[in-house]
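**Student:**
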Amino acid sequence: AAKSDNAKGWALFGAAETGDIHAVAIQVLNGARVNWRNEYTSGRTALMTAAARGHDDVVRFLIDRGADLDVQDTHGQTALMSAAYKSKPRVVRTLMKGGADPDLRSRVGKTARDMCFTDNCRQLLDQGVVFQRWLRRRELVVWGRRPR
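Per our numbering, the very first residue in the sequence shown carries number 9; after that it's consecutive.
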């Protein structure tokens, strides 16, 4: 079973890397695990590679299928960090709307915002952070806990 899991994972990863949404959908429908980690790319997932390449449709599809937005590779990097570093604002927006945590830090202590090279990316992250913090605060109030 592990071998077929691995084969399916490789096929999904390759399709996500090239942005082939149809192949991604077929792999997921055929049982590929959306959170499969590629041991040869520091434990990166299909979501991370699609985000880095700017394949927004693939990113949306994987999020809809339950991809973990905050999984970190062996360097502590997330899909959001990859999209920010590669200056993919549409993907940054999609990941933020999906609930990716912009406050996570890589192993060297950097957040997604620290990895941005463009003002557009930084602005998107800043707006998203404010909105997500507001949402978390509202959620905490609903549950009767004090916001931090």
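All C-beta atoms in this analysis are idealised placements derived from N, C-alpha and C, irrespective of residue type, glycine included.
Could you give the distance in angstroms between the alpha-carbon of C124 and the alpha-carbon of L132?
**Tutor:** Stepping through the sequence shown from its first residue, residue 124 is reached at position 116. Stepping through the sequence shown from its first residue, residue 132 is reached at position 124. Distance between the alpha carbons of C124 and L132 is about 10 Å.
**Student:** On the criterion of 16 or more Cβ atoms from any shown chain inside 10 Å, does A15 qualify as buried, or is it exposed?
**Tutor:** By one-based count along the sequence shown, residue 15 stands at place 7. By the 10 Å Cβ count, A15 comes out exposed.
**Student:** Within 10 Å of its beta-carbon, does T17 have 16 or more other beta-carbons around it, so buried, or fewer, so exposed?
**Tutor:** What you label residue 17 is simply residue 9 of the sequence shown in a count that begins at 1. Thr is not the amino acid found at residue 17; the sequence shown has Gly there. Buried is the call here.
**Student:** Count the other C-beta atoms from every protein chain shown that fall within 10 angstroms of the C-beta of F21, then say buried if there are 16 or more, exposed otherwise.
**Tutor:** Taking the first residue of the sequence shown as position 1, residue 21 is located at position 13. F21 is buried by the Cβ-count criterion.
**Student:** In angstroms, rounded to a whole number, what distance separates the CA positions of R61 and D13?
**Tutor:** The count along the sequence shown starts at 1 and reaches residue 61 at position 53. The count along the sequence shown starts at 1 and reaches residue 13 at position 5. Taking the straight line joining both Cα atoms gives about 24 Å.
**Student:** Residues in the same chain with beta-carbon distance under 6 Å from K94, minus the five sequence neighbours each way, listed in chain order, please.
**Tutor:** Reading the sequence shown from its first residue, position 86 is the one you call residue 94. So the qualifying residues of the chain are A60.
**Student:** Could you give the C-beta distance for G74 and V42, rounded to a whole number, given that I count them as a contact under 8 Å?
**Tutor:** Sequence index remark: in the sequence shown, residue 74 carries index 66 (1-based). Sequence index remark: in the sequence shown, residue 42 carries index 34 (1-based). Confirmed, about 6 Å.
**Student:** Does the Cβ of L37 have 16 or more other Cβ atoms within 10 Å, making it buried, or fewer, making it exposed?
**Tutor:** For this step, residue 37 is matched to residue 29 along the sequence shown. With fewer than 16 Cβ atoms within 10 Å of its Cβ, L37 is classed as exposed.
**Student:** One question on the structure: do V66 and A23 come within less than 9 Å of each other, judged by their Cβ atoms?
**Tutor:** Within the sequence shown, numbered from 1, the residue matching residue 66 stands at position 58. Within the sequence shown, numbered from 1, the residue matching residue 23 stands at position 15. Yes; because the gap between Cβ atoms is below 9 Å, this pair is in contact.
**Student:** Just the Cα atoms here: how many angstroms apart are I71 and V116?
**Tutor:** Taking the sequence shown and counting its residues from 1, one reaches residue 71 at position 63. Taking the sequence shown and counting its residues from 1, one reaches residue 116 at position 108. Rounded to whole angstroms, I71 to V116 spans 26 Å at the Cα level.
**Student:** Would E25 be called buried (16 or more neighbouring beta carbons within 10 Å of its own) or exposed?
**Tutor:** Translated into positions along the sequence shown, residue 25 becomes position 17. Buried is the call here.
**Student:** Residues in the same chain with beta-carbon distance under 7 Å from G51, minus the five sequence neighbours each way, listed in chain order, please.
**Tutor:** Taking the sequence shown and counting its residues from 1, the one referred to as residue 51 is at position 43. Counting only Cβ-Cβ distances below 7 Å, and skipping sequence neighbours, we find R45, D81 and T82.
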